[in-house]
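Below: one structure, written as structure tokens.
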Amino acid sequence: MEYNFKETEQKWRKFWEENQTYKTEINHDKPKYYVLDMFPYPSGAGLHVGHPLGYIASDIIARYKRLKGFNVLHPMGFDSFGLPAEQYAIQTGQHPAITTEENITTYIRQLKQIGFSYDWSREVRTSDAKYYKWTQWIFMQLFKHYYDKDANKALPIASLVERFAVSGNKGVNAVCDEDTPNFTAEEWNGMNEQEQQTLLLKFRLTFPDDSVVNWCPALGTVLANDEIKDGVSERGGYPVEQKKMKQWAMRITAYADRLIDGLNEVDWSDALKEQQRNWIGRSTGASVKFKVDASTVQENAPEFIEVFTTRVDTIYGVSFMVIAPEHEYVPFLTTPEQKATVDEYVKWVASRTELDRMSEVKKVTGAFTGSYVINPFNDEKVPIFLADYVLAGYGTGAVMGVPSGDQRDWNFATHFDLPIVPILDAQKDIDQQADNTKEGKYINSGIIDGMEYKEATAILTKWLEEKGIGKGKIQYRLRNAVFSRQRYWGEPVPAYFKDGLPYLIEESELPLELPVIDKYLPTETGEPPLGRAEGWKYKGEYEYELSTMPGWAGSSWYWYRYMDAQNEQEFASQEAINYWKAVDLYLGGSEHATGHLLYSRFWNKFLKDLGLVPEEEFAKKLINQGMIQGRSNFVYRVKSSVGEGKNPVFVSFGLKEQYETTPIHVDVNIVSNEVLDVTAFKNWRSDFENAEFILEDGKYICGVEVEKMSKSKYNVVNPDVLVDKVGADTLRLYEMFLGPLEQAKPWNTNGIDGSFRFIKKVWRLFYDDLGNFKVKDEAPTPAELKVLHTCIKKVEEDLERYSFNTVVSTLMICVNDLGSLKCAKKAILQELVILMSPYTPHIAEELWVLLGNEAGTISYATFPKFNASLLVEANFDYPISINGKVRANISFPTDSIPADIEAGVLANEVVQKWLDGKAPKKVIVVPKRIVNVVL
RNA sequence: GCCCAGAUGGCGGAAUUGGUAGACGCGCUGGUCUCAAACACCAGUGUCUUCACUGGCAUGCCGGUUCGACUCCGGCUCUGGGUACCA
């Protein structure tokens, strides 16, 4: 009797759903374990085979932990706000909520087919008003708090207001805007409401701020970098410019240090932690104010230009200064003679995105303003340039140029023929390239001549501080996060404007639901789509914020909502939060390293400061699964067969060099092991129904290329097709067997037969060829026990180190060995079924019941205990390597494994025997199972 | 450009702490079963040399450390991810 996977899998999925087998409740008798997948954006293309990769792995861990006695929380939901649904709405006029709903329905159907043990009663959707009510609520808390550096946490703005009323901002050590003035209590109390609110915005953790966006005048909208290709809009190909706009910002920089420190307490890959550290980019250096030479500048020019440098010691080597082309000082610093050049340059830079600017650093560009600053250390006049390698958003938007010590400055100086002054005696070949060494003693360097790096830096910093023109400073690369999107399909910001200042709506008025609008484009006046909503005013009077929140808002706290998904009073009850605490295992793609994972950590820390959550870090352990790439197949059409009335002729891959051909993408679903299903191909496209083929060895072999998965390349593999063909268990097994989870890999189904065979082999351990159930309740033999316990040991070890692919090999070996032993003993098979169940839950459940157990209990069975004494080997080999070449083994019985030194002596004897008594030069015993002999 | 990864047979990959490279699977070859095929089972399969034994060469490229390197260090090449409004 063949195993009927279709019937069996369907039966158990229905059983699990009807019996709510995986519904989870708080249970204080068991240790808890929280396994979380990064929830998907429900795209219109449906689930593809890349999605389940991580979900299968996390499901395996969820099931494994249940076997280990944990109370497992394993939920799933949808990050359902986003750009694609909105773009679809713009094209079709259909409300994004409808598209999103349809897509989610498809996703759920597809996910349920693969047999995941999710507790679906906890499902969340970020676009659901019951959910985003709490996203808005958290936003409001951010508005109501500031970051106190002394307390090192967020505190209520109300307490700041109290302090201001008593003593102004004297003694207040808070994170705030750079331009915050000093004020006394009297001054504060003398301010009107508007002035006070304006000042408070400089402290709030979320606040409206000027930031630069990609503005497309033709479309009247802001574009994502993703929507820009080659400097023009992807839609329509219109020019894009950089424009400053009022945008909500999140003061994530307040948490910069805690975001760095927290990395030490989580079990994430070093690579990912390093990426976050680099993203935050904490650097220690100094700020220096250069006095502007007043003789050439325009009215209202600044007195000083401040720069940040990590190499203040190189200050005597400064030969120019560069400010960002969009810097606010530019008009004041530009002399009439230079105005034309500067204007042209600024215009050119405005047409480029930040990414372009950073990518093309080989080409040196810039423009001289005509003005100068004075180097405070040697009073030299230093020319001020504009250059696009300086970004307005980082530091002060101005840098000092030291050509001898920095390659980019060197390139710039060479291009504009500026002096290159050596500053250290150890610098070499600076006429050829920059030398950024910190070695040697300073030369041409005034007060630090003859000193070394450390001493010089200290002296210079002290000097700056004494003169009040600079100080030691810690600078972060991290910028405050822009929190506004000029889009429709996102959470409305629960704020309105009065006299140009933002105010929050009442908490009791949440959720602030998305209004209905006629179309999803910006208004004619360039306002965001919400500007189209009729009568959309707070209390019918005050303009609401028209931007919505970014995609990352809803995903920055969702793991808490799963803990108590239906709660209408709180985002989750304290009871639930304090039971589940934090995510024990978080699984998702590494492409979220500096986006989602950083924002989520930020919000989590904020919620902790408010005393609402217990843990500083929300995800204790993180695994990144690699992206599954598409694997396209090609057929090669002979060019001479193209034309009216001709039958298309295709030549097999191996023979295509003999013809002139055009490669054509062919649907990967009609290709198996690169062999084309010729009949299916003729049916695939009507213009190919009369196709002729030039075969090799009677087969048509297709070409292969790795590309992104996409509909137009016919390389999207839908899991539904595979589930239908080979079953969910085979798919689960195969996706895990494909390779290490973390590695990116192209999808191919070439080896899926092996996984399918495994399932059939397991079935044959239970049924003979005639369909008779052959399992007997007999005592297992030592050989059978050894096979089983080798498997238990390896499966447990590998799952504990998240090596999902090697577990499959181990299970295959075990089943093969039991097959060879013709083992049909209940005691052995029962344990094997438990071992398999995380990978292949459907067949495991079926076999579990066949062995006489209760249905639906296998997930909560006990993971088999490994018995080491069953694995005793007869002999234990010490390999001997001689001069690293000749090898031999000395064998010992396992119960008398010798100490390493003893093994060395024995090896010495063995070798002496070979050498007729001559002693080897050296015998090296390493604390491993190996002895090395040098002759 | 900058930051972070990766590269091992015909293919996917294994090698857990520097210790017998190629487990396991696919594919291929031969065999058993069959009228035949499919399925299943058995055997072989890095490469060069050889009837065979054996021996040489092999973990992207160049160099280094070590008795010993897929593994550690330095320098490249190529591929993937991120680069702040894709999610």
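Last residue of the first sequence: 935 in full-length UniProt numbering, with the numbers rising by one and none dropped.
All C-beta atoms, glycine included, are put in the ideal place defined by N, C-alpha and C.
Nearest to Ser641 by alpha-carbon distance, out of Tyr542, Pro740, Leu612, Phe693, is Phe693.
When the five nearest sequence neighbours on each side are left out, the beta carbons in the same chain lying within less than 7 Å of the beta carbon of Asp564 are those of Ala572, Ser573, Ala576, in order along the chain.
In the displayed model, Asn604 falls within a helix according to three-state DSSP. For Pro383, the enclosing beta strand (DSSP E) stretches over residues 381 to 386. Taking C-beta atoms as the reference points, Asp729 and Gly115 count as a pair closer than 9 Å. Between the segment 577 to 596 and the segment 32 to 52 there are three or more inter-stretch CB-CB distances shorter than 8 Å, so the stretches are counted as touching. In terms of Cα proximity to Asn683, the closest of Leu514, Phe15, Asp667 is Asp667. Judged by DSSP secondary structure, Val175 falls outside any alpha helix (DSSP H); it is assigned neither H nor E. Remark: C-beta atoms of Gly405 and Asp435 approach each other more closely than 9 Å.
The alpha-carbon of Ile752 is positioned some 25 Å away from that of Leu788.
Residue state for Ala434 is assigned as coil, using DSSP reduced to three classes.
The beta-carbon distance between Ala744 and Gln629, rounded to whole angstroms, is 6 Å. This is short enough to meet the 8 Å contact definition. Gly82 sits buried, since 16 or more C-beta atoms from the chains shown fall within 10 Å of its C-beta. Annotation for Asn853: no beta strand (DSSP E) segment contains it, and DSSP assigns it neither H nor E. Here the C-alpha atom of Val307 lies approximately 55 Å from the C-alpha atom of Asn71. Shown here, Pro331 sits in a helix according to DSSP, grouped into three states. Taking C-beta atoms under 8 Å as the contact rule, Thr126 and Tyr558 qualify, at a distance of about 7 Å. Every alpha helix (DSSP H) stretch that sits fully inside the segment 740 to 821 and reaches 4 residues is listed by chain position as 752 to 766, 782 to 800, 804 to 820.
Rounded to the nearest angstrom, the gap between the Cα atoms of Glu513 and Asn103 is 21 Å. Sequence-distant Cβ neighbours of Glu616 in its own chain, meaning closer than 8 Å and more than five residues away, are Arg258, Gly262, Glu265, Asn604, Lys605, Lys608.
Of the residues Phe766, Glu784, Phe332, the one whose Cα lies closest to the Cα of Lys776 is Phe766.
The C-alpha of Val649 is placed about 6 Å away from the C-alpha of Val638.
DSSP assignment within the UniProt domain "Aminoacyl-tRNA synthetase class Ia" (12 to 144) yields the following whole alpha helix (DSSP H) runs of 4 residues or more, N-terminal first: 50 to 67, 83 to 92, 96 to 113, 129 to 143. For Leu676, the three-state secondary structure derived from DSSP is strand.
Here DSSP, grouped into helix, strand and coil, assigns Glu543 to strand. Straight-line measurement puts the Cα of Ser233 at about 44 Å from the Cα of Lys581.
The segment 372 to 384 and the segment 319 to 337 touch, with no fewer than 3 CB-CB distances between them shorter than 8 Å. In the structure shown, the three-state DSSP call for Trp248 is strand.
Counting along the chain, Leu731 sits inside no beta strand (DSSP E); it lies in the alpha helix (DSSP H) bounded by residues 728 to 737. Scanning its chain for C-beta atoms nearer than 6 Å, with the 5 sequence neighbours on each side dropped, one finds around Trp279 the residues Thr594, in chain order. Counting other Cβ atoms within 10 Å of its Cβ, Thr100 reaches 16 or more and is therefore classed as buried. Beta-carbon to beta-carbon, Gly397 and Phe412 are separated by about 16 Å, too far to satisfy the 8 Å threshold. If you look at His415, you'll find it in the alpha helix (DSSP H) that goes 407 to 416. Between Ala824 and Met836, the gap from beta carbon to beta carbon reaches 9 Å or more.
Residue nearest to Ile305 within the set Thr314, Ala294, Asp313 is Ala294 (criterion: CA-CA distance).
Scanning its chain for C-beta atoms nearer than 7 Å, with the 5 sequence neighbours on each side dropped, one finds around Pro864 the residues Ile792, Glu831, Ile834, Leu835, in chain order.
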